[in-house]
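Novice: Protein chains in written order, with this note's numbering: chain P, 1 to 394; chain G, 1 to 265. Don't be surprised by glycine CBs; every beta carbon is placed ideally from N, CA and C.
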Amino acid sequence: MRAAEPVAGTLAKDGTAAELARIDAGPEDGGWRIGAAGRWTLHAAGSASDALDRAQKPEDGAAVRLDLSRVEALDTVGAYLLNRLADRLGAEGHAVEVVGVRPEHAALFGAVRDAGKAPPHAIERDHHPILDMVVRTGQTTVNAGKELLDLVGFLGLVTVTFGRLILRPSRLRLTSVLFHIEQTGLNALPILGLLSFLIGVVLAFQGADQLKRFGAELYVVNLLGISVLREIGILMTAIIVAGRSGSAFTAQIGTMKVNQEVDAIGTMGLDPIELLVVPRALALMISLPLLAFYADVMGLFGGAVMAYATLDITFGQFIRQLHTAVGINTVIAGLIKAPVFALVIAMVGCYEGLKVSGSAESVGIMTTKAVVEGIFLVIVIDAVFSVVFSMLGV
Amino acid sequence: MDTSPVIRVRGLVTRFGPQTVHDGLDLDVERGEVLGVVGGSGTGKSVLLKEILGLIAPSAGRIELLGHDTAELGRAERTALQARTGVLFQNGALFSSMTVAENVMLPLKEHTDLPPALIAEVARVKIAMAGLPPDAGTKHPAQLSGGMIKRAGLARALALDPDILFLDEPTAGLDPIGAAAFDTLIQGLQRSLGLTVFMVTHDLDSLTSICDRIAVLVDRKIRVGTLAQHLADPHPWIRDYFHGPRGRAALDAKERNQARQLAKG
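1) Output needed in chain order: residues of the segment 352-375 of chain P with a Cβ under 9 Å from some Cβ in chain C.
2) Which of the three DSSP states is assigned to residue 162 (chain G) in this structure?
3) Between residue 141 (chain G) and residue 94 (chain G), is the Cβ-Cβ spacing less than 7 Å?
4) Do residue 68 (chain P) and the ligand PLP come close, with the Cβ less than 6 Å from some heavy atom?
5) Quick check on the burial criterion: 16 or more other C-beta atoms within 10 angstroms. Buried or exposed for residue 43 (chain P)?
6) Could you tell me whether the Cβ of residue 220 (chain P) comes closer than 7 Å to any Cβ of chain G?
7) Quick one, are the C-beta atoms of residue 300 (chain G) and residue 224 (chain G) less than 7 Å apart?
8) On the DSSP bridge assignment, give the partners of residue 196 (chain G) in chain order.
9) Smallest Cα separation from residue 86 (chain P): which of P:36, P:323, P:303, P:299?
10) DSSP puts residue 328 (chain P) in a beta bridge; with which residues?
11) Could you name each continuous alpha helix (DSSP H) segment of 4 residues or more that falls completely within the segment 143-198 of chain P, going from the start of the chain to the end?
12) Which chain P residues sit within Cβ distance under 9 Å of residue 139 (chain G)?
13) Taking only three categories from DSSP, how would you classify residue 179 (chain G)?
14) If you check the beta carbons only, do residue 353 (chain P) and residue 287 (chain P) fall under 7 Å apart?
15) If I follow the unbroken beta strand (DSSP E) through residue 26 (chain G), where does it start and stop?
16) Can you check whether the CB of residue 370 (chain P) is closer than 7 Å to the CB of residue 348 (chain P)?
17) In its own chain, which residues sit with a C-beta less than 6 Å from the C-beta of residue 51 (chain P), not counting the 5 before and 5 after it?
18) I'd like to know whether the C-beta atoms of residue 169 (chain G) and residue 200 (chain G) end up nearer to each other than 7 Å.
19) Should residue 20 (chain P) be flagged as near chain G, meaning a C-beta pair shorter than 7 Å?
20) Ignore the nearest five residues each way along the sequence and tell me which others in residue 208 (chain G)'s own chain have a CB closer than 7 Å to its CB.
21) Return the Cβ separation of residue 299 (chain P) and residue 386 (chain P) in integer angstroms, given the expectation that the two are a contact with Cβ distance under 8 Å.
22) Do we get a CB-CB distance below 7 Å when we pair residue 69 (chain G) with the residues of chain P?
23) With DSSP as the reference, identify every bridge partner of residue 234 (chain P), one or two as the case may be.
24) Considering only residues of the same chain and omitting the five flanking positions on each side of residue 374 (chain P), which have a CB-CB separation below 6 Å?
25) Within this structure, are the beta carbons of residue 5 (chain G) and residue 30 (chain G) separated by less than 7 Å?
26) So, at 6 Å on beta carbons, what are the nonlocal neighbours of residue 78 (chain P) in its own chain, with the 5 sequence-adjacent residues on each side left out?
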């Protein structure tokens with residue numbers, strides 16, 4: 001057992017001379033003697049390594065007696081270093097005999113020797129950096145493909161469950177749907193309203209600045225009407241909802257997965273998809289179009305305020321100009337994307353939530369993934385819509 | 001050899017709002033002993049452990065660790081003292097973003113200036129001493145079973161060769177064979193490393209097989225004694241604890257073990 005050391009200062013590398021590990025080596029009758037002395041502990045390990053490096057090497061083939069009788073203190077690190085010395089000498093062809101292990105050190109010395117015998121696990125082979133990058137790229141691509149396939153499969157599963165619920169509407173959890181409409185829709189109104197209003201303000205301001213040069217200030221209304229109603233309103237909504245609600249879905253379902261609640265649902269003969277996924281997807285598909293419409297209104301309102309402030313366009317003029325600039329088609333072209341985006345966000349959110357495995361850590365990873373994938377897919381699908389609309393001439 | 005207690009608690013009072021958990025609790029833990037701490041739910045076993053470790057400040061009283069009053073230590077001294085204690089938390093508390101080997105190497109990297117190669121080697125030895133297979137070092141905690149997580153946590157707790165090892169329910173959640181193996185492991189390490197072990201446990205088999213003394217938290221105080229002394233204690237909770245069906249079974253098992261060892265020896 002080690003004597004109590006003064007608490008402060010025990011972590012210093014070098015103590016007084018008495019606290020250091022020492023080695024003295026030299027020939028003795030018919031062989032070689034290596035004597036270890038002093039403190040062979042963690043805190044003296046620096047001096048122990050130095051001592052081992054400096055120690056005189058025995059002649060080739062000489063029998064070595066490793067004498068530990070003057071070791072004052074020993075811990076795992078010291079025992080490991082002494083064992084390593086014995087092993088190395090043995091490997092160099094010396095007959096090694098360890099003598100004089102103090103009784104209070106014997107158990108520790110033996111335990112470390114046994115533990116040290118465990119073969120070190122195979123060292124990983126050297127990697128080629130460029131080859132590695134190619135391998136990683138390939139793996140990521142394959143995984144992304146698999147994930148997309150999985151997501152489509154999940155969409156199919158949810159669709160089938162939806163279909164079953166249409167046949168038996170009494171099984172639909174209406175309370176749950178309403179709860180999620182409140183969570184994803186009603187509670188998002190303040191943040192979404194403010195952000196859309198500000199975007200409208202910014203667009204009007206920037207647009208006015210440019211159009212003024214041509215004396216075409218009034219066309220700010222056209223710019224606002226088209227861009228907000230077709231793209232910006234719905235995109236802002238979808239991105240905010242993906243960040244707010246898609247991540248919440250993953251975190252909620254993921255936490256239930258960690259607590260084995262999802263397993264419990266399964267063992268009670270209930271369907272996790274029906275219980276957890278369908279209400280969320282349905283709620284989002286109802287609330288997102290409403291939110292998008294609200295965002296459109298707030299965005300136009302922000303633009304109108306800015307137009308009045310900087311260009312003296314009255315609200316009446318603004319409305320009249322808006323009538324001539326955009327038709328109902330423009331509004332529909334924007335809002336028709338809303339249910340699709342809602343479905344994508346809900347699918348990704350719930351899918352990643354159900355993929356959470358065991359640990360709390362994976363909830364965080366999957367939540368981040370759900371947000372990134374949700375926003376990514378929303379923008380990709382928006383681009384697809386644009387292409388399709390331009391081909392249809394909408 | 002120093003014979004003063006490694007942990008000395010005097011007049012410890014712990015209050016949470018109107019609720020008093022400890023009221024004038026005294027406790028001495030001797031160098032080199034294995035102390036088991038038991039008590040009903042809500043008697044403040046974990047709170048006592050956290051107070052000794054300095055994670056919670058007691059309402060009143062004095063706690064000395066290795067002869068130093070923990071409340072009066074400066075930052076550097078506290079760090080030095082913490083390097084001489086190792087803690088195995090109930091669920092291992094391994095850092096999930098690191099491999100097992102990195103977990104064990106972390107205190108060595110932070111508290112010593114050993115060369116990195118030696119740190120890796122020492123970590124490998126500790127992992128082997130904790131009874132883990134060699135390939136466990138490269139795994140992440142999420143890839144390990146419950147028993148392996150406890151062993152990895154133990155390897156990390158032992159990284160700096162501490163004087164005192166604190167164990168919070170080390171065998172909870174292990175199967176009986178795994179729990180018995182873990183008891184043997186702790187006992188073996190305690191003997192070879194000369195550890196003082198402070199163990200909060202509910203496992204009657206651990207209590208009867210590896211604890212030198214047992215501390216029972218009752219009536220907001222603590223009663224310390226050997227197993228034989230507790231068996232003779234008339235306090236109703238202690239009587240129910242050790243003479244209940246589970247207590248009896250553990251004692252019978254201990255007697256059978258001793259008889260078998262006598263027959264062998």
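Specialist: According to the structure data:
1) The chain labelled as chain C is not found among the protein chains of the depicted structure, namely P and G.
2) In the second sequence, the residue the question calls residue 162 (chain G) occupies position 162. The answer is coil: DSSP assigns residue 162 (chain G) none of H, G, I, E or B.
3) In the second sequence, counting from the first residue as 1, residue 141 (chain G) sits at position 141. In the second sequence, counting from the first residue as 1, residue 94 (chain G) sits at position 94. Yes.
4) The model depicted lacks the ligand PLP and carries no ligand whatsoever.
5) Here residue 43 (chain P) corresponds to residue number 43 of the first sequence, with the count starting at 1. Within 10 angstroms of the beta-carbon of residue 43 (chain P) lie 16 or more other beta-carbons, which makes it buried.
6) Here residue 220 (chain P) refers to the residue found at position 220 of the first sequence. Chain G places no beta carbon closer than 7 Å to that of residue 220 (chain P), leaving this residue out of the contacts.
7) There is simply no residue 300 (chain G) to check, as chain G begins at 1 and stops at 265 in what is shown.
8) If you number the second sequence from 1, residue 196 (chain G) lands on position 196. The partner list for residue 196 (chain G) (beta bridge, DSSP) reads G:164.
9) Here residue 86 (chain P) refers to the residue found at position 86 when the first sequence is read from its first residue. Ranking the options by Cα distance to residue 86 (chain P), first place goes to P:36.
10) Mapped onto the first sequence, residue 328 (chain P) falls at position 328. None, per the DSSP bridge assignment.
11) Fully enclosed alpha helix (DSSP H) runs of 4 or longer: 174-184.
12) The residue labelled residue 139 (chain G) in the question sits at position 139 within the second sequence. Those do not exist, as residue 139 (chain G) stays about 10 Å from chain P at its closest Cβ, beyond 9 Å.
13) For the purposes of this step, residue 179 (chain G) is taken as residue 179 along the second sequence, with counting starting at 1. Helix.
14) Counting from 1 along the first sequence, the entry for residue 353 (chain P) is found at position 353. Counting from 1 along the first sequence, the entry for residue 287 (chain P) is found at position 287. No, they are not a contact pair.
15) The count along the second sequence starts at 1 and reaches residue 26 (chain G) at position 26. Per DSSP, residue 26 (chain G) belongs to the beta strand (DSSP E) from 19-29.
16) Here residue 348 (chain P) refers to the residue found at position 348 when the first sequence is read from its first residue. Here residue 370 (chain P) refers to the residue found at position 370 when the first sequence is read from its first residue. The answer is yes: Cβ separation under 7 Å.
17) For this step, residue 51 (chain P) is matched to residue 51 along the first sequence. These residues qualify, in order along the chain: 21, 22, 23.
18) For the purposes of this step, residue 169 (chain G) is taken as the residue at position 169 of the second sequence. For the purposes of this step, residue 200 (chain G) is taken as the residue at position 200 of the second sequence. In this structure, residue 169 (chain G) places its C-beta atom within 7 Å of the C-beta atom of residue 200 (chain G).
19) The residue labelled residue 20 (chain P) in the question sits at position 20 within the first sequence. No, no contact with chain G.
20) For this step, residue 208 (chain G) is matched to residue 208 along the second sequence. Taken in chain order, the residues that qualify are 227, 250, 251, 254.
21) Taking the first residue of the first sequence as position 1, residue 299 (chain P) is located at position 299. Taking the first residue of the first sequence as position 1, residue 386 (chain P) is located at position 386. With a Cβ gap of about 19 Å, residue 299 (chain P) and residue 386 (chain P) do not count as contacting.
22) As a working note, residue 69 (chain G) is residue 69 in the second sequence. No, residue 69 (chain G) does not count as interfacial toward chain P.
23) The residue you call residue 234 (chain P) lines up with position 234 of the first sequence. Answer is none; residue 234 (chain P) lacks a bridge partner.
24) Counted from its first residue, the first sequence places residue 374 (chain P) at position 374. Contacts found: 242, 246, 345, 348.
25) Walking along the second sequence from the start, residue 5 (chain G) turns up at place 5. Walking along the second sequence from the start, residue 30 (chain G) turns up at place 30. Between residue 5 (chain G) and residue 30 (chain G), the C-beta gap is smaller than 7 Å, which places the two residues in contact.
26) Taking the first residue of the first sequence as 1, we reach residue 78 (chain P) at position 78. In its chain, beyond the 5 residues on either side, 40, 41 have a beta carbon closer than 6 Å to the beta carbon of residue 78 (chain P).
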